[in-house]
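Chemist: The structure is given below, and queries will be raised subsequently.
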Amino acid sequence: MATTSALTSALTSALTDALTVTSLPPAVTMAANATQPEELEDNTTYCESLVAFRTAYSPVHGYVSLLVCAFGSVANALNIAVLTRREMASPTNSILTGLAVADLLVMLEYMPYALHMYLPVGLSRPFEMRFSYPWACFVLFHANFTQVCHTVSIWLTVTLAVWRYIAVAHPQRNREWCGRETTLVAIAAAYVLSPLLCVTHYLALTISSGEAPVDGDGNRVNDYNKSDHNVTYYVVDLSKQGETMVDINFWTYSVLIKLLPCAALTALSLRLVCALLEAKRRRETLQGAAKSGPGARRGADKSRQTDRTTRMLLAVLLLFLATELPQGLLGLMSGLRGRDFFEQCYSRLGELMDFLALLNSGINFILYCAMSRQFRTTFRAMFRPRFLDRWMPVPQRSQSDHNGHTNHVTQVTQV
């Protein structure tokens, strides 16, 4: 019957919404028909090619996301352990610690969601258990909590760029403008103001319910004639009563949470590169006047350290832009084109964007190890097995005699 067919189609769409709720993009990723593009009132469709992509990627999303979350959780925990050491104390490292905490919270919370929604341990459960009211409450918490933590991470990344720009462009004001107290206030502001910035996100979400036919084993069926009984299911959806709030959330998400930070980071990154090149030119000019001696060596060491730190932070910023800018542009298009564009384009890329955001949150550890000698040294000192110290080379030390000559003393190993 036509009525039954229409009801089945609507139910399938609602359940697809529940299966593709995504936390890092706005609100939830909803209403992506897995087989056919939705027809709009003006017969316009968007992103038809993404149907096949989402169908192919969705089965592996849970596995790759869990791998990234497992690695990222350990990596961010190690980041926190290393960056909070006394010898690592600095305003920049304090911001990186706050960033690692936010990223760690995102990954820890995402793992049970991925297990339940994408992996056999969750998919094998009876339909009524998978879409129970307590689980819908968790998904609602998941969507809001991860959005807040990700917003904290975004604005701490912006703060990091500002701090580094001041350190390079205005070194004489660095201690005054970016001291310990100012840094702690900036970190606290990111954690306090981000939940307020996401208020429209909370109001745009709701829990909706419906009836679904299931067989004797509790599995959902599409044919009511083959059903044993009906069960009530609960899913997280965009609010139907607050259409205006949903539209406001699209704009808040795309502009304030995504595009504005991306624009700020782009401008700061360009200014940072220019300031770095100018500072390097000045150092080379000064070193040209004193080509030898301890002062020249210290200047060269400082130059290399500054270059390494700035390269590391630029890598963090560029990775952030590659992850967040596409989300912001798609969110902006959703605000301009309406919910149909969101459902047909954004939602079909929601899982991929989740994965990229998780990857961005977990890869900083690799960047620190690759680009920060101080981080590597502290990490080795903390986690290297002590019995290896017997075979580790002793650092070279220098002794100067009364005539100013330097004698180098080196011991290769300890046995």
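Residue numbers for the sequence shown, in mature numbering (1 follows the signal peptide of the UniProt record, and there is no 0): -18 to -1, 1 to 397. For every residue, glycine included, the Cβ atom is placed at its ideal position computed from N, Cα and C. Computed from a predicted model, the values in this text were never measured in an experiment.
Given this structure, state the Cα-to-Cα distance separating I77 from W137, to the nearest angstrom.
Modeler: 10 Å
Chemist: Which class does S190 belong to by DSSP, given the choice of helix, strand or coil?
Modeler: strand
Chemist: Tell me H211's beta-bridge partners as DSSP assigns them.
Modeler: For H211, which the question treats as bridged, DSSP gives the partners V196.
Chemist: Report the option in V174, A63, P94 whose CA atom is closest to the CA atom of F365.
Modeler: Comparing Cα positions, the closest option is A63.
Chemist: Please report the residue range of the alpha helix (DSSP H) in which H183 lies.
Modeler: For H183, the enclosing alpha helix (DSSP H) stretches over residues 181 to 185.
Chemist: Suppose the cutoff is 8 Å on Cβ atoms and the five residues either side in sequence are ignored; what does the same chain contact list for S135 look like?
Modeler: L81, A84, D85, V88, S343
Chemist: Taking G161 as the reference, which of Y28, T74, L349, E69 has the closest Cα?
Modeler: T74
Chemist: Are the beta-carbon atoms belonging to A186 and S221 less than 7 Å from one another?
Modeler: yes
Chemist: Return yes when the Cβ of K240 is within less than 7 Å of the Cβ of G310, no when it is not.
Modeler: yes
Chemist: Compare the Cα-Cα distances from S114 to each of L338, F123, Y215 and report the closest residue.
Modeler: Considering only L338, F123, Y215, the residue with the shortest C-alpha distance to S114 is Y215.
Chemist: To the nearest angstrom, report how far apart H43 and F324 are at their CA atoms.
Modeler: 20 Å
Chemist: Would you mind working out which of G332, Y100, A151 sits nearest R263, comparing C-alpha positions?
Modeler: It is A151.
Chemist: If you follow the alpha helix (DSSP H) that F127 is in, where does it begin and where does it stop?
Modeler: 115 to 151
Chemist: Would the beta-carbon of L247 fall within 7 Å of that of L299?
Modeler: In contact: L247 and L299 (Cβ atoms closer than 7 Å).
Chemist: With a CB to CB cut of under 7 Å and the five nearest residues on each side skipped, what residues in its chain are close to S55?
Modeler: L86, M89, L90
Chemist: Under a three-way DSSP split, which group does R293 fall into?
Modeler: helix
Chemist: The alpha helix (DSSP H) with T66 in it runs from where to where?
Modeler: No alpha helix (DSSP H) holds T66; DSSP gives it neither H nor E.
Chemist: Excluding the five sequence neighbours on either side, which residues of its own chain have a C-beta within less than 8 Å of the C-beta of C51, listed in chain order?
Modeler: Closer than 8 Å at Cβ, skipping near neighbours: M89, L90, Y92, M93, A96, L340, G344.
Chemist: Taking 7 Å as the limit between beta carbons, can you name the residues of its chain near C131, skipping five residues before and five after?
Modeler: A84, L87, V88
Chemist: Can you round the beta-carbon distance between F347 and N58 to whole angstroms, since I take them to be within the 8 Å contact cut?
Modeler: About 7 Å separates the two Cβ atoms, so the contact holds.
Chemist: Measuring alpha carbon to alpha carbon, tell me which residue in C327, L303, L296 is nearest S354.
Modeler: L296
Chemist: Whole alpha helix (DSSP H) runs in the stretch 299 to 355 with 4 or more residues, listed along the chain?
Modeler: 329 to 344, 346 to 353
Chemist: For M111, count the other beta carbons within 10 Å of its own beta carbon; 16 or more makes it buried, fewer makes it exposed. Which is it?
Modeler: exposed
Chemist: Quick check on DSSP: helix, strand or coil for R202?
Modeler: strand
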